[in-house]
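Under our numbering, the first residue of the sequence shown is numbered 79, with each subsequent residue one higher. C-beta atoms are modelled at their ideal positions from N, C-alpha and C, and glycine is treated no differently. None of these values were measured; they are calculated from a predicted model. Take a look at the structure set out below.
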Amino acid sequence: MPRPIHASISHSALAHNLDLVRRRLAGAASGPSPRVWAIIKANAYGHGTQRAVAGFAAADGLAMLDPMDAVRCRAGGWTRPIMLIEGIFDQHDARVAGEHRLTLVIHDDAQIALLENTPLAHPVDVFLKLNTGMNRLGFAPGGYRAAYARLAALRDRDVIGLLGHMTHFYGADTPTGVAGQMAVFRQTTAGLPGPVSVANSAASLRYPDVAGDWARPGIALYGASPFDDQSAESLGLRPAMALRSALIGVQHVPAGGTVGYGARFTADVPTRVGVVACGYADGYPRHAGTGTPVVVDGVRTRLVGRVSMDMLAVDLSPVPQAVPGSPVTLWGADGLSVDEVAAAAGTIGYELLCAVAPRVDMRSED
Ligand SMILES: *Cc1c(COP(=O)(O)O)cnc(C)c1O
């Protein structure tokens, strides 16, 4: 029998979250509602690309990094737009983009040169990326208009179809907000025609009025919160992944006894401790310490001691009925969010979702 750990993916939660973000954007739009690129990079934030695409059937487009993922989506029958959010890295990528009519984010001169020098089977749509302060990828404001002119020349030669504008926010989930970056964006793109794409999940939910023509939500579609100060549940989002396992052992630890590597937990009274088939090799964060919430047989309790490679230990004091085989929820069901577990481990839900290991059996729930 395989270990009892598994991740269930809910298509209806993915669809619900997409609809919620879409309605939020529509409610704030003065003109037509923004369209939505569903971001499915990193194996759809750990949920499995194919499952996510099924859940996002109503999305206007899909966006990701790897051209091969895009080709697989086309092969799976996706005919609407597909965007590569880091564009192309070589001529082979450029040819694939032309063949499969991919949309490209273009962030530097080398990528423009690839478009200038590679014969393409079909025109590709392009979003030109402006660096408005993230200082990761994108043209500096001073070089943006020249880049746009180079691409507009390619559009005149039918190498490019649509030519639009995009940027990425660093502060939509913090008190920084988006006003400063939007000012740079508006000033730099003033008078240049083309669709606009600026909003990640945080901006789509908190500043939906700036989203422009195409929003780019990721994490919210998977039912986790982009914010430190607002839970996914309070936003109306539903977790798309539930990570579950079971107890595979129970220990009676005497007062003064310790649990796990490094004896990081000492029982001050005799304590029943459950051993869960879930460890850091499954993607559970090793930085989660004593006190991290875990649900056993429907009851919220706490992790005790260090997380091992294949196991972790939980305090069974509030769950006297628990026995080997009792169900355990690590996150995503029974009122326990991935964001709470992430916070206990000093990280964010994104990292935990993306880190679920290939050895964890993944199933579709509905
Ligand atoms: C990952 C990513 C997004 C989605 O961000 P979330 O915070 O998950 O909503 C949007 N745009 C770009 C360019 C990205 O890389």
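Contacting residues, own chain, Cβ-Cβ under 7 angstroms from residue i (five flanking each side not counted)
i: Thr189; result: Correcting the residue identity first, residue 189 is Gln in this sequence and not Thr. Excluding residues within five positions, the ones whose Cβ falls inside 7 angstroms are Gly165 and Ile166.
i: Val49; result: Nothing can be reported for residue 49: it is not among the residues displayed for the chain, which extend from 79 to 444.
i: Asp393; result: Thr349, Val351, Thr379, Arg380 and Val382
i: Gln399; result: Asp375
i: Val377; result: Pro396 and Val397
i: Val183; result: Met161, Leu162, Ile163, Glu164, Gly165, Phe205, Lys207 and Met244
i: His94; result: Arg316
i: Gly216; result: His185, Lys207, Leu208, Asn209 and Thr245
i: Ala366; result: Leu381, Val385, Val419, Ala422 and Ala423
i: Thr446; result: Only positions 79 to 444 of the chain appear in this structure, which leaves residue 446 out of reach.
i: Gly449; result: Any property of residue 449 remains undetermined from this structure, which presents the chain solely from 79 to 444.
i: Leu143; result: Lys119, Leu162, Ile163 and Glu164
i: Val288; result: Val256, Met260, Val276, Ala277 and Ala281
i: Ala357; result: Looking at the sequence provided, one finds Gly at residue 357 rather than Ala. Result list for Gly357: Val385, Ser386, Met387, Asp388, Met389 and Leu390, in chain order.
i: Gln58; result: Residue 58 is absent from the model: the chain starts at 79 and stops at 444.
i: Ala250; result: Val256, Asn278, Ala280, Ala281, Arg284 and Tyr285
Residue interval of the beta strand (DSSP E) (run including residue i)
i: Gly327; result: Met319 to Val331
i: Gly376; result: Element bounds for Gly376: n/a, residue is neither H nor E.
i: Pro405; result: Pro405 to Trp409
i: Arg441; result: Asp439 to Ser442
i: Gly352; result: Thr349 to Val354
i: Ala359; result: Neither: Ala359 is in no beta strand (DSSP E) and is coded neither H nor E.
i: Leu390; result: Leu390 to Asp393
Residue i beta carbon near ligand 1 (any heavy atom closer than 7 angstroms)
i: His125; result: no
i: Pro396; result: no
i: His246; result: yes
i: Pro295; result: yes
i: Ser279; result: yes
i: Ala400; result: no
i: Ile426; result: no
i: Ile117; result: yes
i: Ala298; result: yes
i: Ile163; result: yes
i: Pro304; result: yes
Contacts around residue i, its chain only, beta-carbon distance under 8 angstroms, and the 5 residues preceding and following it disregarded
i: Ser395; result: Thr349, Arg350 and Thr379
i: Pro273; result: Phe205, Leu240, Gly242, His243, Gly290, Asp291 and Trp292
i: Thr370; result: Arg380, Leu381, Val419, Ala422 and Ala423
In DSSP terms, what residue i is bridged to
i: Met146; result: Bridge partners of Met146: none, in fact.
i: Arg113; result: Trp292
i: Leu208; result: Phe217
i: Phe343; result: Val337
i: His84; result: Arg322 and Asp439
i: Pro371; result: Arg380
i: Asp306; result: Paired residue(s): none; Asp306 is not in a bridge.
i: Asp203; result: Thr181
Contacting residues, own chain, Cβ-Cβ under 6 angstroms from residue i (five flanking each side not counted)
i: Val41; result: Residue coverage of the chain in this structure runs from 79 to 444, which leaves residue 41 outside it and unanswerable.
i: Gly239; result: Pro201 and Asp203
i: Ala320; result: Ser86, Gly410 and Ala411
i: Ala199; result: Gly176 and Glu177
i: Arg152; result: His178
i: Met445; result: Lying before the first or after the last residue shown, residue 445 is absent from the chain, which here runs from 79 to 444.
i: Tyr31; result: Given that the chain is displayed from residue 79 to residue 444, the structure contains no residue 31 and the question cannot be resolved.
First and last residue of the uninterrupted alpha helix (DSSP H) at residue i
i: Leu315; result: No alpha helix (DSSP H) holds Leu315; DSSP gives it neither H nor E.
i: His89; result: His89 to Ala106
i: Val416; result: Val416 to Ala422
i: Leu430; result: Gly427 to Ala433
i: Ala400; result: From DSSP, Ala400 is part of no alpha helix (DSSP H); its letter is neither H nor E.
i: Tyr123; result: Lys119 to Tyr123
Min CB distance residue i to chain D below 8 angstroms
i: His365; result: The chain labelled as chain D is not found in the depicted structure, where only one protein chain is given.
### Task
Please specify which runs of the alpha helix (DSSP H), each continuous and at least 4 residues long, are wholly inside the region 222–283, giving them in chain order.
Those alpha helix (DSSP H) runs which fall completely within the region 222–283 and span 4+ residues are 257–267.
### Query
Residue ranges of each alpha helix (DSSP H) run of no fewer than 4 residues wholly in the region 129–200, ordered along the chain?
Listed in chain order, the alpha helix (DSSP H) runs fully inside the region 129–200 are 145–153, 169–177 and 187–195, counting runs of at least 4 residues.
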